[in-house]
Amino acid sequence: MMKNTAEFGKHLFLIVLGLLLLYPLILMLQMSVKNTEQIVYDFFGLSGPFHLENYARAWEEVSPMIWNSVVMAGGSAMISVFVSGLAGYGFGKLKFVGKEPLYWLIFAKMMLPGVLNLIPSFVLAWKLNLLNSYFAVILFAVGGAQPFWVFVMRTFVQGQPKELFESAKVDGAGEFRTFLFLAVPLLRPVLTLSALNVFINVWNDYIWPLVTIQSFDKRPITTGLAYLATTHVGEYGPLMAGYVIASVPLVILFSLGMRQFVQGLTGGAVKL
Amino acid sequence: MSALAAVTSKKKAARFVGYAFVLPAVLFTAIFDYFPMLDGIWHSFYRWNGNNIEIFVGLGNFKEILSDSVFWTSVRNMLFFLVCNIVLMLPTLVASIVLFRIKHSRWQYAYRVLMCIPMFIPGIVIMLLWQFLYNPQYGFLNQLLASWGLENLQQLWLGDPAMVKWCLVFIGFPWIGSIALLIYLAGLQNLDSSIWDAAAIDGASPLQRALSIEIPLLKGQFKLNLISVLAGAVTGYNLQLVVTNGGPGFSTTVPGLYMYQHAFGSVNADYGYASAVGLLLFLIALLISLLSMKFIRSEE
Amino acid sequence: MLAASLSLTVMLAGCSSNKTEEKSPSASSTQPTASSASASPTASGSIPSDKEFKIKLMSWHGGEEQYGPAYNNAFEAYMKLHPNVKIEHLYQPNANNGYTKLLDTQFVSHEAPDAMMLPNQDAAKYANQDYLLTLDGYLQLPSAYNSDQATWLDTFKGGENSFSSAKSGNKYGAIIMIPVDGGPGSSPLIPFYYNKDIFDKAGITEVPETWAELLEACQKIKDLGIDPVAADGNRFLQWMDAFSGYQLEPGHVANLFDEKYRIKEMKVDLRRVAIATGMYKADDPVEAASLDLMKEFSQYWQQGWAAINEDQAKQIFLLGKAAIYMDGNWDYSYFEKNIKGFTFDVMPFPVITKETTPFASEMLPVAGDQQSGGWGLNKDLEKDEEKLKVVLDIFQFLTSKENQQTMSDEGVFVPVVNNVDVTSKIQAFIATDKNKIASNQLNEVPLFNESTDGKAILQLWLTGQADKAATMNKLHEQAVNNVKKKIVEALDNEVGVPSQIKTLEAQLEELNSTNAPENVKKATEDSLAVAKLKLEFYQQFADAAK
Chain A
936 MMKNTAEFGK HLFLIVLGLL LLYPLILMLQ MSVKNTEQIV YDFFGLSGPF HLENYARAWE
996 EVSPMIWNSV VMAGGSAMIS VFVSGLAGYG FGKLKFVGKE PLYWLIFAKM MLPGVLNLIP
1056 SFVLAWKLNL LNSYFAVILF AVGGAQPFWV FVMRTFVQGQ PKELFESAKV DGAGEFRTFL
1116 FLAVPLLRPV LTLSALNVFI NVWNDYIWPL VTIQSFDKRP ITTGLAYLAT THVGEYGPLM
1176 AGYVIASVPL VILFSLGMRQ FVQGLTGGAV KL
Chain B
3 MSALAAVTSK KKAARFVGYA FVLPAVLFTA IFDYFPMLDG IWHSFYRWNG NNIEIFVGLG
63 NFKEILSDSV FWTSVRNMLF FLVCNIVLML PTLVASIVLF RIKHSRWQYA YRVLMCIPMF
123 IPGIVIMLLW QFLYNPQYGF LNQLLASWGL ENLQQLWLGD PAMVKWCLVF IGFPWIGSIA
183 LLIYLAGLQN LDSSIWDAAA IDGASPLQRA LSIEIPLLKG QFKLNLISVL AGAVTGYNLQ
243 LVVTNGGPGF STTVPGLYMY QHAFGSVNAD YGYASAVGLL LFLIALLISL LSMKFIRSEE
Chain C
45 MLAASLSLTV MLAGCSSNKT EEKSPSASST QPTASSASAS PTASGSIPSD KEFKIKLMSW
105 HGGEEQYGPA YNNAFEAYMK LHPNVKIEHL YQPNANNGYT KLLDTQFVSH EAPDAMMLPN
165 QDAAKYANQD YLLTLDGYLQ LPSAYNSDQA TWLDTFKGGE NSFSSAKSGN KYGAIIMIPV
225 DGGPGSSPLI PFYYNKDIFD KAGITEVPET WAELLEACQK IKDLGIDPVA ADGNRFLQWM
285 DAFSGYQLEP GHVANLFDEK YRIKEMKVDL RRVAIATGMY KADDPVEAAS LDLMKEFSQY
345 WQQGWAAINE DQAKQIFLLG KAAIYMDGNW DYSYFEKNIK GFTFDVMPFP VITKETTPFA
405 SEMLPVAGDQ QSGGWGLNKD LEKDEEKLKV VLDIFQFLTS KENQQTMSDE GVFVPVVNNV
465 DVTSKIQAFI ATDKNKIASN QLNEVPLFNE STDGKAILQL WLTGQADKAA TMNKLHEQAV
525 NNVKKKIVEA LDNEVGVPSQ IKTLEAQLEE LNSTNAPENV KKATEDSLAV AKLKLEFYQQ
585 FADAAK
């Protein structure tokens, strides 16, 4: 009996928590099919008529931004996962002079806050002629993601049984082939997690694209939505529809990589 | 070619292979993380508008910042958010322990998926949504109170300097950090299951178990998450920038926003001054990180 | 004729890029005939017609509001006239300083549009950073689309004088923008839109004309349980502080200095030196009075005003939840279209009388004395003479009488050039005989204007979290820091007035050696004289200001 109550308590706790996590989605959805009067004067009402045209209007404005965000977030994720995967393997398995100092150089940046970087990064992006291009976002996102993910990757590579890699050596596989055909499949969950994480961070980033992406047709959804909120004052219905649309790609991505995402970290002890 | 020479050259090649593997990451970190940081330190001693004005001012920027009461207000506000954010690491920790104790693997998986939801709604959407909900004249919260006949409980929310900070903190409700949760969970699952069996025999209560076993074992993970929370709270300003722009008055101005406002969109734009603010923040964040590392020792 | 105007435009473009082309001496006399062909397609001869041009123009006027369509239609008309020119109208809203933030970054990376709409203050800022073209030379030549006057500049209402305030803000003392909408004649004070139904319900029969009457009306509305004013902590605050201050004690700052310095072009310099030297103090009684005025008024603002921006305040007015909202003519059509439950009208900003404060002048700033803003031209255009020619041609078209008539009717704004009729909707926005304070006498709340966080500081004062002395001390502290830096900059040999004098002298020398038009030379000489006066002024007070 006692045991059942405890078990029930745990489930109740998690279900309530889950519902609380869902509330913004629910509010967004119900506001997105109403017009301003219905929202302001009848916030809870769902009596209709439903204004599905909000979605048509929102789609027109939001769809180009989604593409921009996908390119920037996807590009960052792919490059980052490749770079940090390589480095994780290099630092975790290979031997070379200066390995430790180099690793510490990267690792230390994890402890160093990035706030000082905004303005000089902006100037650097400008001098490198990157402003207003997707690369302004991609390259800096990859750079910013390295310290943490190199650290994680190295932990995971070190956690793999040594014999595995040794046997590959006997086969005479080149180091890169060992990495590609042995390490990558083994590390797939954490690699996927890393890619998803970088993707989501770029997808949600606001300040950096705000200052670097100036062209109207290259704006990602974050700055784009904030912009729509100021240009469509009071049009809450279409705005919310826009928010809903902007969330869809992440939901799709999540359902594709869900298993890796929720289990990606279980293979190693990530800690300090 | 002798066998020995072949081995040596292979070893040499192997050494180079090592560099090839780590070079991209080193370069990315050096160019896009370290270079801007050093450049920022350099320019914090200049009055610099990014274009034609670049005048060396020595410690002038720092003197001006430290004598500006707005900066100190922003530091106080930052400390408020810092404390809140540290306390609010608790829900994630609790959730991860409860989640870990669900032994039914299907359910556990389903809940894990549920806990990852906050990551998939763009943060900006939540902020803009709350900005609407908080509006005192036509927002959701005051309407809700009115519909319950509780007009006397209606608030100004973001318009009330005494309340606005709490309003901002509440935007994170229910304060579940998905990545942090996954890190804790992975930590618990990696432990030897014999520990749990021993605990079960002991007959410790769930809370005792959490305090005596799980939490101590998660120290390393906690430290990792703590660092990102600390850095985020000391240097972050996304929320303040989007929702209140630091107001009303200076009640939600944080140092990061103070820096941002001095660099972008101000008639008196000064990147040098802003860089100096950045350097100060950097030092504060570093100091706090180091202190917290000293106080929490992880198990090796 | 055509040839004459062609060579003129070439010459124009040459002005700033060392290219010297012989000017036909008869140009100014032949010009009227040349430009009488203005609206006809033959005028396309004035720009290269054998090449495609893509011009980017940026403003904060969206497609759905009145200015947006007015501009877009004008651009359409121009593109019809010149099929080889494609104008792209970019839109970036002003909210949260988004417009200037965007421009800041665009200019730094040389990605800024070819021309952008700018208020005087921002135009000055960008000109001082060398991002904008100085336009005096171009304006001294005839417009291809307006034959009323010998020079383009003279076709503007108030002619050259109307630009003096715009000139005074930048280090070149030059004209750095071309006004297209809201020209002289508009009142410098933004009026109030009001909800007629609420006014009726409150028994307000006469529209308030004085400050006291406004407060009285607000009280009546408040008694009904309705918020009188939809205020915000950003734009509204800025306007209210400025507009309540403007009417007090004309000459308060200017009279601190020798008469020869009291020129419009040096208004800002006088203000800065006055603050830096301590002649203008932290407890200035006039600025204090304007703070008191606002504090009294603020009891009629809706609760929580400090946390919202102008767009959210607009929403409150639109929903009928507040009776008054301060806004410009640019939103007139928006309100016409979106206000559904009530009728609205517009009332001018009231006059502050002596019954309210002894500093009241009972006058308003002079009518339409000055251009308040316009379109700045990207300095990068210098690198592409032909494109520059096209951009100038677009603005000559926009400021033609015919186009101004169409645009001002559609956009509900005061036309910028002479001989255009104004629409009746605009009356509340136009100055009356009460607008008498000369612009060099105007007292522009100096501490607030030179501070960094003026609005936030005022929020604290108005919501009762800081007393008046603390408020003024904080404004003063920030203002002193800022003006001292500005004065150091002004005296700097590399970036300040001395370098500006050097530039102007070099320009003048070049103009003399190339036999340039007299009026172009005269404009440069005038700018040089102002610059020298400025330097003299700053040097005189340099030590006191340290």
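Residue numbers (the working numbering), protein chains in the order written: chain A, 936 to 1207; chain B, 3 to 302; chain C, 45 to 590. All C-beta atoms in this analysis are idealised placements derived from N, C-alpha and C, irrespective of residue type, glycine included. Predicted model, so just to flag it, every value in this text is computed and none were measured.
Residue i (DSSP reduced to helix, strand or coil)
| i | result |
| --- | --- |
| Gln75 (chain C) | The predicted model places Gln75 (chain C) with a pLDDT of 34, which falls under 50 and marks its position as unreliable; any figure quoted below should be read in that light. DSSP places Gln75 (chain C) in helix when its eight states are reduced to three. |
| Val244 (chain B) | helix |
| Leu268 (chain C) | coil |
| Gly1192 (chain A) | helix |
| Ile474 (chain C) | strand |
| Met391 (chain C) | strand |
| Pro1096 (chain A) | coil |
| Ala286 (chain C) | helix |
| Asn1067 (chain A) | coil |
| Ile290 (chain B) | helix |
| Ala164 (chain B) | coil |
Residue i, buried or exposed, once every other Cβ within 10 Å from all chains shown has been counted against 16
| i | result |
| --- | --- |
| Pro1124 (chain A) | buried |
| His106 (chain B) | exposed |
| Phe34 (chain B) | buried |
| Asp285 (chain C) | buried |
| Ala265 (chain B) | buried |
| Trp1061 (chain A) | buried |
| Ser30 (chain C) | Past the edges of chain C, shown from 45 to 590, lies residue 30 (chain C), and the structure says nothing about it. |
| Gln75 (chain C) | Low confidence applies here, because Gln75 (chain C) scores a pLDDT of 34, under 50, leaving its location unreliable; read the following figure in that light. So Gln75 (chain C) counts as buried. |
| Gln343 (chain C) | exposed |
Segment limits, beta strand (DSSP E) that includes residue i
| i | result |
| --- | --- |
| Ile131 (chain C) | Val129 to Tyr135 |
| Glu56 (chain B) | Glu56 to Phe58 |
| Gly420 (chain C) | Gly417 to Leu421 |
| Lys100 (chain C) | Phe97 to Ser103 |
| Trp177 (chain B) | Neither: Trp177 (chain B) is in no beta strand (DSSP E) and is coded neither H nor E. |
Residues that residue i contacts on chain A, provided the C-beta gap is smaller than 7 Å
| i | result |
| --- | --- |
| Val461 (chain C) | Near Val461 (chain C) there are no residues of chain A at all, since even the closest Cβ is about 30 Å away, more than 7 Å. |
| Leu134 (chain C) | Phe1151 |
Cross-chain neighbours of residue i in chain B, by beta carbon under 9 Å
| i | result |
| --- | --- |
| Trp283 (chain C) | The contacting residues do not exist; Trp283 (chain C) stays about 16 Å from chain B at best. |
N-terminal and C-terminal residue of the alpha helix (DSSP H) that residue i is part of
| i | result |
| --- | --- |
| Arg1123 (chain A) | Arg1123 to Asn1139 |
| Ser1269 (chain A) | Summary: the structure shown does not reach residue 1269 (chain A), with chain A confined to residues 936 through 1207, and so no result is reported for it. |
| Ile396 (chain C) | Looking at the DSSP string, Ile396 (chain C) is not in any alpha helix (DSSP H), and its letter there is neither H nor E. |
| Trp505 (chain C) | Gly498 to Leu506 |
| Lys169 (chain C) | Asn164 to Asn172 |
Contacts of residue i in chain C (Cβ-Cβ under 8 Å)
| i | result |
| --- | --- |
| Val1146 (chain A) | Lys145 and Thr149 |
Cross-chain neighbours of residue i in chain B, by beta carbon under 7 Å
| i | result |
| --- | --- |
| Asp180 (chain C) | The contacting residues do not exist; Asp180 (chain C) stays about 21 Å from chain B at best. |
| Val1085 (chain A) | Ala27 |
Bridge partners - residue i, DSSP secondary structure assignment
| i | result |
| --- | --- |
| Leu408 (chain C) | C:Asn479 |
| Asp617 (chain C) | Chain C is shown only over 45 to 590; residue 617 (chain C) falls outside these bounds and no answer can be derived. |
| Gly1078 (chain A) | Paired residues: none, contrary to the question. |
| Tyr369 (chain C) | C:Tyr237 |
| Ala357 (chain C) | None, per the DSSP bridge assignment. |
| Ser231 (chain C) | Per DSSP, none; premise fails for Ser231 (chain C). |
| Val273 (chain C) | C:Trp345 and C:Ile368 |
Contacts that residue i makes with chain C (C-beta to C-beta distance below 9 Å)
| i | result |
| --- | --- |
| Asn1067 (chain A) | Thr149, Gln150, Ser153 and Glu155 |
| Gly1169 (chain A) | Asp355, Gln356, Lys358, Gln359, Leu362, Leu363 and Asn382 |
| Trp994 (chain A) | Those within 9 Å of Trp994 (chain A) in chain C number zero; the least Cβ separation is about 18 Å. |
Under 8 Å by beta carbon: chain B residues contacting residue i
| i | result |
| --- | --- |
| Trp1039 (chain A) | Within 8 Å Cβ-Cβ: nothing; Trp1039 (chain A) doesn't reach chain B, min ~11 Å. |
| Pro959 (chain A) | Ile123, Val127, Ile128 and Leu131 |
| Pro1082 (chain A) | Thr31 and Asp35 |
Name the residues in the segment 55 to 89 of chain B whose C-beta lies less than 9 Å from a C-beta of chain D; which are they? The chain labelled as chain D is not found among the protein chains of the depicted structure, namely A, B and C.
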